[in-house]
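In our numbering, the protein residues as written are 4 to 459.
Ideal Cβ positions, reconstructed from N, Cα and C, are used throughout, including at glycine.
In this text, all values refer to a predicted model and were calculated from it rather than measured experimentally.
Working notes for the structure below.
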Amino acid sequence: MKTHAFTREISVDPTYDIVVAGGGPAGTAAALAASRLGAKVLLLEATGALGGMGTSGLVTAFDPMANGERNLVGGIMLEIVEALYKRGELPPQVTPDFWRKRYHCWTPFRAESLKFLLDELLVAAGVEVRLFTTLVAAEAEANQVKGVIVHNIEGLRYIPARMFIDCTGDAVLANYCGVPCRTNPEFMPGTLCSLHAGIDWARVDHGLQYRKIFEAVENGHFTQPDRHLPGLSQVGEGLGYLNGGHLFHKDPLKAAGRTEGMMLGRRLVREYVSFYRKYIPGCENLELVTTAALMGVRETRRIVGEYDLTFADYQARRSFPDQIGVFNKFVDIHVRDCSDKEFQRFSKEMSDTGRLKEGEWFGLPYGIIVPKGWKNLWVAGRCNSSDVMVHGSIRVMPAASMMGQAAGAAAWLCLKHAETANTLRTDRLVETLRAANAYLPQSGLQPAMTRNEAGA
């Protein structure tokens, strides 16, 4: 590949305490947590709205937050869901048991309501937000980030800070800094979600769509015979969001892959519209309102962290003294192609291999959000340090929010106590998160984080 040297002088911003890259569920939680504790925080977001996949991506349902007995996901994520409910912004079928108790239950919401709520929360907390601002480079030395270069309508700017949190989902900041990252050669395909109107939900049999998809595939209805359908879910009186149509073999770490994926996704959505009109009673008048502005990416880079969470940890229902969250969601690794072998693998994992029972949970240790050996850099969200299997559980919005809140609190504690990300006293972090309504049931707190040979 040819290279080209490009040099110019750019403006330098004042120094921030903390810069958060990415305004999705992880980034908004990180910024809120740090700012509420007293830090001067700048939040950078490439799109025109906060919320990430929940808003711009139209993935308008929070993954399971309870385990059949009690709520597991507290803190900022719980605050957001409760606020949406109190405002009457959740669909009519939703009750508090969806997130407070029920087992493997999704909580649908309206994307526009979440956008507005996040705007209000960030402004009230005093976070400086810059939308339409893209991270283009970073400066780091001796495992410490010095600053980042961003681009927006004002041009290029250099932003120095004392602490940095990468919530880009794709580990963009960490990758720019040279943090070792892993990718899965057979990563999960993305999906382009969409919003639909004209649905008579009183007549819709929710389970019928999963049975009729086989008939439609057999009849040659789709251009790709994809039998894995996440499905159409209610988000309003006549509204539904569709998570359907896998974008196979489109590399989301390449611009061409994302471009091809968006174009293919828009075509597939139209095929699903005709499927629902033809096969599902109550959807005869279903109308496409819009497709998402963002491709729904499930998997790209994962960092090598101070702790590498594994499927063995998940199966053991392991608790950690320094855990920053607990979770119960099943291992959700979508089909990678349309073959019988892949669908059988997916069906087996969904039914037994990667599923915890009611009342159970596993812990998320602090080390999965700390790049190994780094002093002032954290990640939060799906770029965490984990193996492929357990990543299939914790790549989702509630887990991302818990990681983001922990990263924001950890960055503030490092500022307060002159510590580093990889030497932080984790007992202080756990107590700080508990004070912010996180559910962390572990006993026997310890100052040092749990470590292993990550990346093995």
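Assuming contact is defined by CB atoms lying nearer than 9 Å, are residue i and residue j in contact in what I supplied?
i	j	result
A451	L432	no
Y106	A64	no
L45	I79	no
A383	A424	no
W102	V126	no
A141	I306	no
M298	R261	yes
D16	I162	yes
Y317	S197	no
R160	I152	yes
T50	L121	no
L117	T58	yes
P192	R301	yes
H209	G234	yes
By Cβ distance, which residues of its chain are closer than 6 Å to residue i, with the 5 residues on each side in sequence left out?
i	result
T461	Any question about residue 461 goes unanswered here, given that the chain covers just 4 to 459.
L359	N331
K253	G260, E263, G264
G357	F333, V334
G26	L46, E48, L53
T186	R304
What three-state label does DSSP hand residue i in the structure shown?
i	result
F112	coil
T294	strand
V338	coil
V139	strand
T186	strand
D430	helix
L443	coil
I306	strand
R214	helix
I162	strand
A421	coil
Q408	helix
A177	helix
Q237	strand
W381	strand
K375	coil
G57	helix
A8	coil
S388	coil
W192	This sequence places Pro at residue 192; Trp is not what is there. Here P192 sits in coil by DSSP.
G357	coil
H224	coil
G69	Per the sequence shown, the amino acid found at residue 69 is Ala instead of Gly. Correct three-state label for A69: strand.
I79	helix
V130	coil
H154	strand
S322	coil
P17	coil
G458	Residue placement at G458 is poorly supported in this model, since its pLDDT is 39, which falls under 50; the coordinates still yield a value, given next. DSSP places G458 in coil when its eight states are reduced to three.
Tell me which same chain residues have a C-beta within less than 8 Å of the C-beta of residue i, skipping the five on either side of it?
i	result
L448	P324, D325, T429, D430, V433, E434
D66	W109, K332, V399, M400, P401, A402
R273	L291
A319	F365
N155	R133, F135, T136, T137
For residue i and residue j, which I take to be in contact (beta-carbon distance under 8 Å), what is that distance rounded to the nearest angstrom?
i	j	result
K104	N74	7 Å
L256	T194	Between T194 and L256 the Cβ distance is about 17 Å, and since that is not below 8 Å, they are no contact.
V148	C180	6 Å
D173	C386	6 Å
R269	T294	5 Å
According to the neighbour-count rule (16 or more other Cβ atoms, all chains shown, within 10 Å of its Cβ), is residue i buried or exposed?
i	result
P111	buried
S396	buried
S342	exposed
Y213	exposed
I327	buried
R113	buried
I13	exposed
N440	exposed
F167	buried
A421	exposed
G247	buried
A37	buried
N379	buried
Less than 7 Å between C-beta atoms, sequence neighbours within five positions excluded: which residues of the same chain meet that for residue i?
i	result
L211	I283
C286	I202, V207, Y279, R280
P94	P111, Q237, V238, G239
A29	C170, A383, G384, A403, S404, M406, G407
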